[in-house]
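*Asks:* If you scroll down you'll find the structure; I have some questions about it.
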Amino acid sequence: MADRRLDPVPADNFAFGLWTIGNVGRDAFGDPTRPPVAPAEFVRGLGRVGAAGVSFHDDDLIPPGSSAAEAERVLAEFRSALDATGVRVTMATTNLFTHPCFKDGAFTSNDRGVRRHALAKAMRGIDLGASLGAPVYVLWGGREGVECGAAKRPQDALARYAEAVNFLCGYVRDRGYPMRFAIEPKPNEPRGDTFLPTIGHALAFITTLDQPDMVGVNPEVAHETMVGLSFHQGIGQALWQGKLFHIDLNDQKIGRYDQDFRFGSEGIKENFLLVRLLETSGYTGTKHFDSRPYRNEWGDGIWEFARGSMRTYLALAAAAREFDADPAVVAALAAAGAGELAEESVGAYTPTAAAALLAEPADPEQLAARSYVNERLDQLLIDHLLGLPRA
Ligand code: GCO
Ligand code: MN
Ligand code: MN
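Heads up, the numbering used here is the position in the sequence shown plus 304, with the first residue counted as 1.
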């Protein structure tokens, strides 16, 4: 019987951001519906539900305006909760979107003073993350974008964005921190249009940087799904390019605002394909949830939400293992030619290989006369997801 363990353990490497489970439920139309959870209490809760990691924005951990003594007290409590639970800091980032000074962007604000302030705040955020052992620093664009497209020449904005990432890479190297960067794409919200809107845009941008090896991506289910893209296909490309440094798991209906729902609550098939891909890819990074309980949740319900996120991931991983071990699936995959796609078509170019290819007889009619048996394969997938008995 396949492993059907649904209760998470730290070795599963699940993590949550301070702003997620503890989200107070403020939205564009309404005030908070829940009390905040203090960082140390949050870490103890994570320990109880079996999560391995915690992440934060600088301001989630140390509220802006805190005195040095207050900051020290929060940090000491946070550290002692980490020590007591064994929860690790798996990612750090900087809030470059809440304060009104960032209303025109941070690294891409038209105001050079804002850009310089944003960089200094990011450097302090990196120091804070490094002091707590964060191996990954996320760069989410936040307000890097426009509503009035005429106001920013896109090439200038991207040049300033690259300049900022290059500068921060230099800072991390100079300090000797064992930290890598992960850019998080998002198509829109809070700006009308965001720079680096998709995984593909971010991957292309990274190739232009001074230290491309230090920078990967942190894709989020909701962000690609908002615009109708297949998240697991985007993850496939990030993996293929060796750039999946971190991941934000949540869920979302296509075409809506950024819903940040509990992982697996909306798109079961797409998330099955995602988990199957992650579990067979050798990805060893954190499985990080960037989601929030429904705004009408309260009390222990927020921890119910956390348990559900991990439970669904583990259930999908078990379903994927059972799917791949099913002899009917093995046969359907063979009939579909899935293994053949891993074979080279022609190999590297040589004049001899080119001549041989041109001389090779091919019969397009015969090539057309086959089924790829995808109907059977896909139905088997649905059968597995629905737990139907297999004939
Ligand atoms: C969002 C983003 C953020 C980032 C976070 C870390 O849409 O609000 O997903 O939650 O992930 O700010 O940089
Ligand atoms: Mn989001
Ligand atoms: Mn995110």
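Note that CB positions come from ideal geometry on N, CA and C, so glycine has one too.
So, at 6 Å on beta carbons, what are the nonlocal neighbours of F614 in its own chain, with the 5 sequence-adjacent residues on each side left out?
*Replies:* At residue 614 the sequence reads Met, which differs from the Phe that was named. Excluding residues within five positions, the ones whose Cβ falls inside 6 Å are P312, F318.
*Asks:* Taking 7 Å as the cut-off, is the beta-carbon of D594 closer than that to any non-hydrogen atom of ligand 3?
*Replies:* yes
*Asks:* Check whether the Cβ of A506 sits closer than 7 Å to any heavy atom of ligand 2, and report yes or no.
*Replies:* no
*Asks:* Count the other CB atoms within 10 Å of the CB of D555; is the residue buried (16 or more) or exposed (fewer)?
*Replies:* buried
*Asks:* Alpha carbon to alpha carbon, how far is A659 from S675?
*Replies:* 30 Å
*Asks:* What residues are listed by DSSP as bridge partners for M395?
*Replies:* S359
*Asks:* Cα separation between S595 and R566?
*Replies:* 6 Å
*Asks:* At what residues does the beta strand (DSSP E) containing L690 begin and finish?
*Replies:* Note, L690: premise wrong, no beta strand (DSSP E); alpha helix (DSSP H) at 678–690.
*Asks:* Per the contact definition of three or more C-beta pairs closer than 8 Å, is the segment 563–581 in contact with the segment 508–522?
*Replies:* no
*Asks:* Determine the extent of the alpha helix (DSSP H) in which W544 is found, giving its start and end residues.
*Replies:* It spans 535–544 - the alpha helix (DSSP H) in which W544 sits, taken as one unbroken run.
*Asks:* Could you give the distance in angstroms between the alpha-carbon of D497 and the alpha-carbon of D667?
*Replies:* 48 Å
*Asks:* Pick helix, strand or coil for W573, following the three-state DSSP scheme.
*Replies:* Reading the sequence as shown, one finds Lys at residue 573 and not Trp. Three-state DSSP puts K573 in a helix.
*Asks:* State the DSSP-derived secondary structure class of G453, mapped to helix, strand or coil.
*Replies:* helix
*Asks:* If you count every other CB in all the chains shown that lies within 10 Å of the CB of C473, and 16 or more means buried, which is it?
*Replies:* buried
*Asks:* Given S569, which residues of its chain have a CB within under 7 Å of its CB, disregarding the five upstream and five downstream residues?
*Replies:* D555
*Asks:* Could you give the distance in angstroms between the alpha-carbon of G504 and the alpha-carbon of A373?
*Replies:* 44 Å
*Asks:* Do L637 and L681 count as a contact pair if the criterion is CB distance below 8 Å?
*Replies:* yes
*Asks:* Whose C-alpha, out of F346, T394, A652, A342, is nearest the C-alpha of P367?
*Replies:* Among F346, T394, A652, A342, the Cα nearest to that of P367 belongs to A342.
*Asks:* Are the Cβ atoms of T389 and G351 separated by less than 8 Å?
*Replies:* Taking 8 Å as the Cβ cut-off, T389 and G351 qualify as a contacting pair.
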